[in-house]
Structures are given as structure tokens and as C-alpha cells.
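S.K.: One structure coming up, written as C-alpha cells, with questions to follow.
Here it is as C-alpha cells:
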């Protein structure tokens with residue numbers, strides 16, 4: 001698996017550590033604590049013992065973090081080192097999943113303390129962002145997360161597909177194709193704000209979704225790889241089935257038509273094909289009629305850990321130039337407090353302290369502005385941002401782009 005692009009590569013080469021109260025927070029120390037984590041997960045997510053054991057087997061011990069209170073494991077989570085694409089560049093992020101609190105430790109602020117510890121550790125590594133899917137929003141807003149994009153479920157009626165593209169070859173993916181598949185995905189994802197710069201964890205779920213093995217198919221032309229699709233076939237009643245596309249990429253119109261033809265070839269038994277992505281999924285443009293639905297699955301949330309590093313790490317549109325004077329408030333990280341000047345030119349950003357502070361907002365509200373999920377105008381209308389008209393227009397120009405989305409769940 002290729003290493004994430006800079007600046008992610010330099011950061012993930014370091015081991016995550018945290019200077020805090022000794023013994024309170026960190027990875028599991030022994031099997032007793034691993035067992036306590038399994039119990040927390042089963043009780044938090046209504047897992048069966050078998051599902052809890054399978055979850056623990058999929059989780060690397062070094063990625064687990066525990067909060068201990070009164071000599072007991074009170075709460076746990078999983079951190080996932082990865083990147084997200086913004087402006088064509090991979091920004092290092094800490095993904096957070098599996099947040100759970102022991103039932104006897106709930107209602108005491110335990111989850112808030114757990115997340116505060118995790119965020120301090122994440123920032124100490126140099127990661128500028130953290131991302132998660134919220135089971136509940138108030139907790140994560142308390143520690144500085146906010147809506148930053150969506151994951152949409154796209155469902156397509158297979159019998160409606162009348163494509164017959166056969167000029168490109170389509171064959172099963174082989175192990176030798178792994179590097180080409182990764183490069184194909186990165187080529188596609190870098191233009192999709194919010195999409196993951198995948199590591200082993202995320203690629204593993206593309207190929208094997210919680211025990212369901214996906215069959216992969218590669219689309220090739222004279223110039224090489226033009227697309228691919230991974231499919232899980234799920235049985236329905238009366239011998240029917242649905243097709244779950246864990247990943248689908250097409251770089252050319254012919255590749256898109258070849259993939260749609262392949263899906264249509266399942267029409268005798270398959271009723272629907274579905275996958276996850278954004279509201280602007282390009283495959284839908286080729287369909288004759290609106291024989292599909294796009295439905296919100298969930299908003300994901302981002303926490304800006306380091307204002308200056310986050311602004312400097314992402315890419316910016318070529319030919320765009322401008323400056324923005326920010327004043328940021330942050331209850332958890334004093335280092336983010338105060339004024340910053342963002343200067344953008346030729347796809348690069350320079351960030352320095354100082355300036356006039358024309359645009360005033362909390363680090364929480366910087367997240368949807370940063371990703372392009374909400375405009376400065378919309379944030380100001382909701383009272384989440386203060387600023388003069390010229391600064392709001394400048395922010396909307398600098399951060400404009402396709403709607404941020406995520407295909408992967410973690």
C-alpha cells in the first residue's frame with residue numbers, strides 16, 4: 001500500500017503519544033483491559049458476544065484508547081490514521097470510531113473527557129484535522145466538531161439500465177492489480193473534497209465488509225486502467241438480489257458505460273444497485289431517466305485541531321488569489337486562539353499570525369467553512385460567524401468547491 005502523500009507521510013511516521021495525567025488515558029495494558037473494551041462495545045452498540053469478538057479481532061490494540069476512572073476502564077474509542085482530500089491535496093486526519101462508555105460511568109462527562117484526551121493526543125502529532133460519524137451530536141459539538149459533509153446512499157434500479165458498452169474489457173481483479181487500483185482511486189478521490197486518502201483499514205473494508213467479501217472487476221482500455229467496481233451480492237426474497245458497490249470509479253465515459261452495462265447484465269435477478277458518495281455522483285449523469293434515489297445517510301463532522309496547519313495543508317484552486325483575516329476562538333486549544341491571516345496564491349496558502357480579524361468564528365464553525373460544506377454567508381445567517389460583506393465574499397470565493405462527501409464508513 002503506498003504511503004499517504006505529503007504532508008500525511010511525515011506525520012504518520014511518528015508514534016502517537018500524549019503528555020497528560022499518567023494512567024488515565026492510553027492504549028490497553030493487558031488482556032483484562034481488552035476484555036473490558038469488548039464489554040463496553042457490546043453494551044454500547046447492542047452487539048452479540050460473537051459480534052463483539054469479531055470487532056475486537058478486526059481492531060489493532062495500538063489503535064485503541066481507554067479512559068480509566070477509579071481503577072476501571074470507563075470508556076474507549078478507536079483512532080484511525082488516514083487522510084482526506086481537500087483542494088487536490090491529502091490532509092492528514094485522525095478518524096475516530098467505536099466511541100463507547102461503560103453504562104455505570106455515563107452521565108458524568110466521561111465521554112467528553114475521553115474525547116478531550118484524544119484530541120490533545122491527535123494535535124500533538126501534528127494532525128490538523130479529526131473526522132468522525134456522530135452517534136450523537138451534542139457530545140462532539142462540545143469538543144469542537146461540526147457538520148462538514150455528507151454521506152449519501154445512492155440506489156439505482158437495475159432493470160432500467162439499457163447500456164450495452166462492450167468496447168472496453170472487464171475482468172476480475174487480481175492481487176497483482178492492487179497498486180493500479182490504489183492509484184486509480186487516488187486519481188479519482190483527489191477531486192472529491194472529503195474523500196479518504198485510504199490506508200489499510202479502509203481498503204480492507206472495500207474488499208471485505210464485515211465478513212462479506214466483495215468481488216472486484218477492472219475496466220481496461222488501450223491506455224490502461226479506466227475504472228473498476230467492487231460488488232457484494234446480497235440475497236433477497238424470491239431469488240432476487242441487490243448489488244452493494246463498496247467502491248466504483250470511472251475515469252472515462254466509456255468506462256462509466258461499461259460499468260453500467262455490467263450492472264445491467266444482472267437485471268434478471270438484481271432489483272437495485274446501491275453505493276455511497278455525494279449528491280453530485282457523476283455516474284448519474286449518464287442515466288436516461290431518474291430511476292434512482294439519493295438519500296442522506298449521515299452528516300460527518302470535522303474538528304479543526306490546528307488552524308494554521310489545516311489552512312496550509314489543503315490545496316486551493318489554481319488561478320485563485322486572495323487574503324482573509326480571521327479571528328478564531330477555541331475553548332480546548334489556546335494555540336488556536338487569536339488572529340490569523342490566510343493568503344492564497346497559485347494553489348498554495350501562507351498562514352501567519354496577526355491581521356485585522358475581519359471574520360470572527362469559533363474553531364467549530366471553521367470546519368464546515370474549511371471543507372466547503374457551508375458558505376460564510378450561510379454561517380453568518382445562522383449566527384455562527386461574524387464579518388463584513390467583503391470578508392464574507394472573500395471567504396466564499398476561497399473555500400468554494402464541490403460539495404464535500406464521503407464514500408467510506410469507519
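In the UniProt record's numbering, the protein residues as written are 1 to 410.
Even for Gly, the Cβ is constructed at its ideal location relative to N, Cα and C.
All of these numbers come straight from a predicted model, not from anything done at the bench.
For residue 187, name the three-state secondary structure that DSSP assigns.
M.R.: Helix at residue 187.
S.K.: Mapping the DSSP letters down to three states, classify residue 52 as helix, strand or coil.
M.R.: Helix.
S.K.: Among 65, 155 and 101, whose alpha-carbon lies nearest the alpha-carbon of residue 284?
M.R.: The shortest Cα separation from residue 284 among 65, 155 and 101 belongs to 155.
S.K.: Between 142, 148 and 125, which lies nearest to residue 133 when the distance is taken from Cα to Cα?
M.R.: Closest option to residue 133, Cα to Cα, is 148.
S.K.: Straight-line CA distance for residue 93 to residue 288?
M.R.: Whole-angstrom Cα-Cα distance: 39 Å.
S.K.: So for residue 159, helix, strand or coil by DSSP?
M.R.: Note: residue 159 maps to helix in three-state DSSP.
S.K.: Mind checking which residues open and close the beta strand (DSSP E) that includes residue 136?
M.R.: Here residue 136 belongs to no beta strand (DSSP E), and DSSP marks it neither H nor E.
S.K.: Does DSSP classify residue 323 as helix, strand or coil?
M.R.: Strand at residue 323.
S.K.: Among residues of its own chain, excluding the 5 on either side of residue 292, which ones have a beta-carbon nearer than 8 Å to its beta-carbon?
M.R.: The residues are 154, 155, 156, 157 and 284.
S.K.: With DSSP collapsed to three states, give me the class of residue 351.
M.R.: If DSSP states are grouped into helix, strand and coil, residue 351 belongs with the strands.
S.K.: Could you check where the beta strand (DSSP E) with residue 274 kicks off and where it finishes?
M.R.: Note, residue 274: beta strand (DSSP E), 270-277.
S.K.: May I have the straight-line CA-CA distance separating residue 255 from residue 264, to the nearest angstrom?
M.R.: The alpha-carbon atoms of residue 255 and residue 264 are separated by roughly 14 Å.
S.K.: Cα separation between residue 227 and residue 86?
M.R.: Taking the straight line joining both Cα atoms gives about 22 Å.
S.K.: So the candidates are 207, 211 and 223; which of them puts its Cα closest to the Cα of residue 217?
M.R.: It is 207 whose Cα lies nearest to the Cα of residue 217.
S.K.: Compute the Euclidean distance between the alpha carbons of residue 322 and residue 316, then round it to the nearest angstrom.
M.R.: Going from the Cα of residue 322 to the Cα of residue 316 covers about 11 Å.
S.K.: Using a 10 Å radius around the Cβ and a threshold of 16 neighbouring Cβ atoms, would you call residue 262 buried or exposed?
M.R.: With 16 or more Cβ atoms within 10 Å of its Cβ, residue 262 is classed as buried.
S.K.: Report, in whole angstroms, the separation of the C-beta atoms of residue 269 and residue 239, which I expect to be a contact under 8 Å.
M.R.: 7 Å between Cβ atoms; contact.
S.K.: Do you know whose CA, among 178, 188 and 398, lies nearest residue 200's CA?
M.R.: The residue with the shortest Cα to Cα distance from residue 200 is 178.
S.K.: How do the stretch 63-72 and the stretch 173-188 stand: do at least 3 beta-carbon pairs fall below 8 Å, yes or no?
M.R.: Counting Cβ pairs under 8 Å, fewer than three are found: no touch.
S.K.: Which residues share a DSSP beta bridge with residue 243?
M.R.: The partner list for residue 243 (beta bridge, DSSP) reads 233 and 273.
S.K.: Kindly indicate which residue of 301, 319, 295 and 328 has the alpha-carbon position closest to the one of residue 311.
M.R.: If we check each option's Cα against that of residue 311, 328 comes out closest.
S.K.: Contact defined as beta carbons within less than 8 Å: I believe residue 146 pairs with residue 360. What is the distance between those atoms, to the nearest angstrom?
M.R.: So it is not a contact: roughly 16 Å between Cβ atoms.
S.K.: Looking only at C-alpha atoms, which of 230, 111, 159 and 102 sits nearest to residue 212?
M.R.: Measuring from the Cα of residue 212, the nearest candidate turns out to be 230.
S.K.: Starting from residue 391, trace the alpha helix (DSSP H) in both directions and tell me its first and last residue.
M.R.: Looking at the DSSP string, the run of the alpha helix (DSSP H) that includes residue 391 is 389-399.
S.K.: Distance, Cα to Cα, residue 295 vs residue 272?
M.R.: Rounded to whole angstroms, residue 295 to residue 272 spans 14 Å at the Cα level.
S.K.: Restricting to Cα atoms, I'd like to know which of 192, 307 and 259 is closest to residue 166.
M.R.: Here the closest residue by C-alpha is 259.
S.K.: My parser needs the beta strand (DSSP E) runs of 3 or more residues fully inside the stretch 179-223; what are they?
M.R.: Listed in chain order, they are 215-221.
S.K.: By alpha-carbon positions, which one of 183, 297 and 116 ends up nearest to residue 411?
M.R.: Missing from the structure shown is residue 411; the chain here goes from 1 to 410 and no further.
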